[in-house]
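Undergrad:
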Amino acid sequence: MIDLSGKTALISGSSRGIGKGIALEMAHAGADVAVNYFRHRDDGEAVADEIRAMGRRAVVIGADASDRSAVDEMVERTAEDLGGPDIVVANAYYSTREPFLEMDVDELRKTYDVSLFGAFHVAQAGARKMAAGGKGGSILFISSVMSFLPFPTSLAYSSAKAGMNHMAAIIALELLEHRIRVNVIEPGWTDTPGERQYSTEQELEEGGRRLPWGRMGTIEDLGKAATFLCSDAADYITGEVLRVDGGFWLKRGTASIKE
Numbered sequence: 022m023i024d025l026s027g028k029t030a031l032i033s034g035s036s037r038g039i040g041k042g043i044a045l046e047m048a049h050a051g052a053d054v055a056v057n058y059f060r061h062r063d064d065g066e067a068v069a070d071e072i073r074a075m076g077r078r079a080v081v082i083g084a085d086a087s088d089r090s091a092v093d094e095m096v097e098r099t100a101e102d103l104g105g106p107d108i109v110v111a112n113a114y115y116s117t118r119e120p121f122l123e124m125d126v127d128e129l130r131k132t133y134d135v136s137l138f139g140a141f142h143v144a145q146a147g148a149r150k151m152a153a154g155g156k157g158g159s160i161l162f163i164s165s166v167m168s169f170l171p172f173p174t175s176l177a178y179s180s181a182k183a184g185m186n187h188m189a190a191i192i193a194l195e196l197l198e199h200r201i202r203v204n205v206i207e208p209g210w211t212d213t214p215g216e217r218q219y220s221t222e223q224e225l226e227e228g229g230r231r232l233p234w235g236r237m238g239t240i241e242d243l244g245k246a247a248t249f250l251c252s253d254a255a256d257y258i259t260g261e262v263l264r265v266d267g268g269f270w271l272k273r274g275t276a277s278i279k280e
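The sequence shown begins at 22 in the working numbering and counts up by one.
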């Protein structure tokens, strides 16, 4: 059984979707959790209530991942209220979907600010706290199979995730001496509130049935994988990319899927 007892996890963008799934699974494994939100405070409070109902501690922190001062404050508050952090998950993202010829450069910049630079801010602020503590730790980046699979209209998001992957590898190399492990998860098509911006419930249901595993991924699937990678059970794993996609990338051509 994966055990995170005695550890504190800070998860950016954890009021909904994949971040919520990670927060709840890590709490199930015994971690105290700092729940971060940007716009959805009520959702963040609901996640924290679930965590407290498990007997774990939780703090809810509003912060924009693209705002470095806000991220620094979030890490400091996590340390003050819960200790650590021992685990930092860079999950917050922003995505815009526009054809290249019509792309708004401001939307491109915003996507990079949150999805790439935001991940950098969360990881660096967390790593500095871990390095100063001298006890090691784990950093996890939530990327996407779209980091290497080209999809029309996803230039901004996909290129941000591709940059994240390489950034994570360099960070993993540099943090070896501090015993801070750094890994990446690449989700496939996952059932989250964000998918409902682009697809109807019927399209999601039908698309899921056409996937290689016969269903979309769930936030629980991602939460379990993240909990493993950030636990002592994965102590010898760093600098790796784990695809949690039900074989999506293996057989992408078998289904017409709205991404």
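The C-beta atom is built at its ideal place from N, Cα and C for all residues, glycine as well.
1) Fully enclosed by the region 169-243, which alpha helix (DSSP H) runs are 4 residues long or longer?
2) Note down the Cα distance separating Ile72 from Asn57, rounded to an integer number of angstroms.
3) Roughly how many angstroms lie between the CA atoms of Thr117 and Gly65, to the nearest whole one?
4) Are three or more beta carbon pairs between the region 91-100 and the region 145-155 nearer than 8 Å?
5) Mind checking who Thr29 pairs with in its DSSP beta bridge?
6) Measure from the alpha carbon of Val203 to the alpha carbon of each residue in Ile108, Ala30 and Gly104, then state which is nearest.
7) Please report the residue range of the beta strand (DSSP E) in which Ala79 lies.
8) Return the chain-ordered ranges of every alpha helix (DSSP H) run that is complete within the region 90-133 and spans a minimum of 4 residues.
9) Please state if the CB of Arg37 and the CB of Pro214 are separated by a distance shorter than 8 Å.
10) On the CB-based measure, 16 or more other CB atoms within 10 Å of its CB, does Lys41 come out buried or exposed?
11) The alpha helix (DSSP H) spanning Arg62 covers which residue range?
12) From Asp266 to Phe59, what distance separates their C-alpha atoms?
TA: Walking through what the data contain:
1) Correct list: 176-195 and 222-231.
2) Here residue 72 is taken as the residue at index 51 of the sequence shown, counted from 1. Here residue 57 is taken as the residue at index 36 of the sequence shown, counted from 1. Going from the Cα of Ile72 to the Cα of Asn57 covers about 13 Å.
3) Mapped onto the sequence shown, residue 117 falls at position 96. Mapped onto the sequence shown, residue 65 falls at position 44. Cα to Cα, Thr117 sits roughly 23 Å from Gly65.
4) These segments touch.
5) Your numbering for residue 29 matches position 8 in the sequence shown. When beta bridges are read from the DSSP output, Thr29 appears opposite Asp53.
6) Walking along the sequence shown from the start, residue 203 turns up at place 182. Out of Ile108, Ala30 and Gly104, the CA that lies nearest to the CA of Val203 is found in Ile108.
7) Position 58 of the sequence shown, counting from 1, holds the residue named residue 79. Residue range Ala79 to Gly83 is occupied by the beta strand (DSSP E) that includes Ala79.
8) For the region 90-133, the full-length alpha helix (DSSP H) segments reaching 4 residues or more read 126-133 along the chain.
9) As a working mapping, residue 214 is identified with position 193 in the sequence shown. As a working mapping, residue 37 is identified with position 16 in the sequence shown. Going by C-beta atoms, Pro214 is nearer than 8 Å to Arg37.
10) In the sequence shown, counting from the first residue as 1, residue 41 sits at position 20. Buried, by the Cβ-count rule.
11) The count along the sequence shown starts at 1 and reaches residue 62 at position 41. Boundaries of the alpha helix (DSSP H) around Arg62: Arg62 to Ala74.
12) The residue you call residue 266 lines up with position 245 of the sequence shown. The residue you call residue 59 lines up with position 38 of the sequence shown. Rounded to the nearest angstrom, the two C-alpha atoms are 26 Å apart.
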